[in-house]
Amino acid sequence: MNDEERLQPEAPVTGQGRMDVAWGANTGDETEQELFNANTAQGGEVFEQHYTPWRGTLNPRWMRNWAILRHHLLGIFRKGHRPWTMPTRIFILIAFLASLSDAGMTLLSGLVGSSEFHSLFGVSRDNLYGHVLGFFPRNVLYYPIIAALLVGSVISEDREHGTSALYFSRPVSRVDYVGMKFVSVGLIQALVVLGSYILYFLAEVVAYGRGWAWMVDVFPMFLAGFVAGLLLIFTYTSIGLSLSSVSTGRFFPGIGLLAIVFGTKTLASIVKNLFGREILYLISPYDCVAHVGQALIGTQTTYDQYSWTYSLVALVAMNALALYVLASRVASMEVTRE
Amino acid sequence: MEDDRIIHTKALTKSYGPHVALDSLDISIPRGATGLLGQNGAGKSTFLKTILGLIQATSGEGTVLGYDIRHQGVEIRQRIGYMPEYDALNPDMDAIHQVRYSGELLGMNPVVAMNRAHEALQFVGIGEQRYREISSFSTGMKQATKLACAIIHDPDLLIADEPSNGLDTKAREFMISTLNTMVNDGQRSVLMASHLMDDVERVCENIILLHKGKLAAQGKIRDLKAIDREIEIHVWGGATPLEQRLIDQGFRVRREGRVMRIAHTVDDTATHILRAAAEVGAQIRRMHEYEASLEDLFLAIMDNLGYTVKSSDDLLRSPMEAKRVDAPESLGGGAS
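Order-wise, the sequence lines are chains A and B. Here the first sequence is numbered in the working numbering, starting from 1 and rising by one per residue. Here the second sequence is numbered in the working numbering, starting from 1001 and rising by one per residue.
See the structure below:
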């Protein structure tokens, strides 16, 4: 029945005409269809949400700082803490074992009983210096590379992943944040540099049955080497972390540190060979630490054109610059977005 | 007796050189859930940083949970939980250890932090995935992990910055219900900054609206909506003359085809509408009080401030418009 027939007086009353008047025409909506949601059962999800209050006590500042230190330090050894990459962990292990080569040779010389062998590898003024500050292989293949691997993923990764917000939105000050990161990176390096240094010293004691008199006699020399090692670690860490604080990736700080350590050393060597002047060694962090270290331990200096105090001043200046960059960059790190 | 207000500021001002980021804000936020609204550059982030004690206010004063924002930033950050908008998780860590570490950074004992991490992750719904690496998580799971990090120490106040941003419908629903559970069951307060008005409306009973560093509105959503009450009518025939008649009588009329919304300015607005309809011969098929959404309220307030804002409907209709509005003015953005 079309509209014309339906609206005739004799047409049967269906109510459709009234509905059309009320709600619109019955034409033009033939393609419309009703949409409805089927009342389907929800899949079995067993989850009941309860908010559990906690009324414990929060510990003071030292505990928070200890947490940061533990997080970074234990991450080298086990899961659940800062996830250092596997290559970093493997390299640290290899470098640590390689750093113990002189300790092993000392033990061997003690077993063989060869005095020539001992004079070559045993504890002496030159060998103590060489264990910490010898250029090849330790300060070419081991220590700067460990520092580069570590600093490459400390502050820069916080910037990259936004994890700095995790620290700064909590009661952790920027001084504590950067201080504990610095100490953490330094301690991991110290495990290799100074840990192997102590083991080397103990190897001499064990292999040759050294007594208290010998130990007391050699201790100032040992202590000087230890301080030189601290100076080396501090310098690599401050330069490395300053580079880490200005970047958002792992590559730049690591490669930047190696470029500074090896680039300045190479430049100084080129100038020395071409012009016979050693002055440019003052821009090389390694050379400056080595010069000061030689003066501390009392071994013959290889930078004898200038006083070791020049190197000390240069070292203080480059560390101050690095720490200034580090402090200013960390101060500008955001908590709301990075 | 402890003040019922969790956040209170008086003439709070923060300037960066000549740029005034917060302009003499007098804000009072009661316990419960409060939405922090405002466009990009309104000063929301600066406000959050100021109340967290991370940046010093140029002038003015304020308290959070009774602590002075100028001198007691550490105490404030110990008692609040902050859920940042952006990624703040180490992707190479397991969720459980990330949450535990965030507790340790607050000063929790490692064993206690681990126990609470289990509880917090269970609460936010990823208890079964807590030993998975965060890099394998979806956006919703990462948001949930951030929330777990923020609530591990059961804070009195949770500051959530865009908590439902980028979530799919299911994850968004879950986040909203989780925040509601915190507020209703846990009796905790939430300050929620969000661009998603629907979400704010479903969680919060109060809002703070910032505009160019100034306070544009604050109070209960229900009360604020009353400033924009309207009567909605569906008209059959004579809609145009009726609209004109109502405008002539001084009513503000918004019309979309046969549907009109008339501002509820006088007590007997309905009577006026019916009389006008009778006079022009228009049929009113339907008539009811129009319940404005928070977005309508936001648009009305911004309109009152003389600032044109695109509604989400407009933005959804034209992605180009969305870009124009979101982009900085130097790049051709801003209100068109």
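Ideal Cβ placement from N, Cα and C applies to all residues, glycine included.
(1) Between the alpha carbons of B:A1203 and B:T1181, how many angstroms are there, rounded?
(2) Does any C-beta atom of chain A lie closer than 8 Å to the C-beta of B:M1108?
(3) Could you give the uninterrupted runs of the alpha helix (DSSP H) lying entirely in the segment 123-210 of chain A, keeping only those of 4 residues or more?
(4) Residues of chain A with a CB under 8 Å from the CB of B:G1186: which are they?
(5) Leaving aside the five residues before and after A:S184 along the sequence, list all residues of the same chain whose C-beta is less than 6 Å from its C-beta, in chain order.
(6) Secondary structure at B:R1172, three-state DSSP: helix, strand or coil?
(7) Report the option in A:W308, A:I260, A:S173, A:V227 whose CA atom is closest to the CA atom of A:Y197.
(8) A:S340 to B:V1099, Cα distance in whole Å?
(9) To the nearest angstrom, how far is the alpha carbon of A:E116 from that of A:L191?
(10) I'd like the list of long-range same chain contacts for A:P285, defined as Cβ closer than 8 Å, with 5 residues on each side in sequence excluded.
(11) Per DSSP, which one or two residues make a beta bridge with B:Q1218?
(12) Where B:A1277 and B:V1235 are concerned, what is the direct C-alpha to C-alpha distance, given to the nearest angstrom?
(13) Measuring CA to CA, which of B:E1085, B:S1293, B:I1207 is closest to B:L1147?
(14) Do we get a CB-CB distance below 8 Å when we pair B:A1370 with the residues of chain A?
(15) At a threshold of 7 Å, does B:L1305 count as lining the ligand NAD (C-beta to nearest heavy atom)?
(16) Scan the segment 159-177 of chain A for residues whose Cβ lies nearer than 7 Å to a Cβ of chain B and list them as they occur along the chain.
(17) My assumption, with CB atoms under 8 Å, is that A:V330 sits in contact with A:S245. Please give the rounded CB distance.
(18) Check each candidate in B:Q1249, B:I1076, B:D1185 and name the one with the smallest Cα separation from B:E1279.
(19) Under the DSSP definition of a beta bridge, which residues are partnered with B:G1081?
(20) Please specify which runs of the beta strand (DSSP E), each continuous and at least 3 residues long, are wholly inside the segment 1212-1264 of chain B, giving them in chain order.
(21) Which residues, in chain order, does the segment 64-78 of chain A contribute to contact with chain B at a C-beta distance below 9 Å?
(22) Below 8 Å, can you find three or more Cβ-Cβ pairs linking the segment 1104-1116 of chain B to the segment 1032-1048 of chain B?
(23) Check the Cβ of A:G113 against every Cβ in chain B and list those closer than 7 Å, keeping chain order.
(24) Determine whether the Cβ of A:F275 lies closer than 8 Å to any Cβ atom of chain B.
(25) Between which two residues does the beta strand (DSSP E) harbouring B:P1030 extend?
(26) In chain B, which residues lie with their C-beta within 7 Å of the C-beta of A:P60?
(27) If we ignore side chains and look at the alpha-carbon of each, how far apart do A:M86 and A:I233 end up?
(28) Counting only the same chain and skipping the five closest in sequence on each side, list residues whose C-beta sits under 8 Å from that of B:R1132.
(29) Measure the CB-CB distance between B:G1107 and A:N59 and report whether it falls below 8 Å.
(30) Residues in the segment 1109-1127 of chain B with C-beta within 8 Å of chain A's C-beta atoms, listed in sequence order?
(31) For B:G1017 and B:A1263, I'd like the C-alpha separation in whole angstroms.
Judging by the given coordinates:
(1) The identity of residue 1203 of chain B in the sequence shown is Val, whereas the question assumes Ala. C-alpha of B:V1203 to C-alpha of B:T1181: approximately 10 Å in a straight line.
(2) yes
(3) 125-133, 143-151, 155-161, 164-168, 174-208
(4) Y51, P53
(5) L69, H72, L73
(6) helix
(7) It is A:V227 whose Cα lies nearest to the Cα of A:Y197.
(8) Chain A is shown only over 1 to 338; residue 340 of chain A falls outside these bounds and no answer can be derived.
(9) 30 Å
(10) T235, Y236, I239, I260, V261, T264, L315, M318
(11) DSSP output for B:Q1218 lists B:I1208 as bridge partner(s).
(12) 9 Å
(13) B:E1085
(14) A query on residue 1370 of chain B cannot be resolved here, the shown segment of chain B reaching from 1001 to 1336 and no further.
(15) For the structure depicted, the ligand NAD is absent and the ligand set is empty, with no information on it obtainable.
(16) H161, G162, T163, A165, L166, Y167, F168, S169, R170, P171, V172
(17) Indeed they touch by this definition, with Cβ atoms about 6 Å apart.
(18) B:Q1249
(19) Its beta-bridge partners are B:L1158.
(20) 1214-1220, 1230-1236, 1253-1256, 1259-1263
(21) R64, W66, A67, I68, R70, H71
(22) no
(23) Chain B residues near A:G113: none, gap ~50 Å exceeds 7 Å.
(24) no
(25) 1019-1030
(26) G1107
(27) 22 Å
(28) D1094, A1095
(29) yes
(30) N1109, P1110, V1112, R1116, E1119, F1123, G1125
(31) 43 Å
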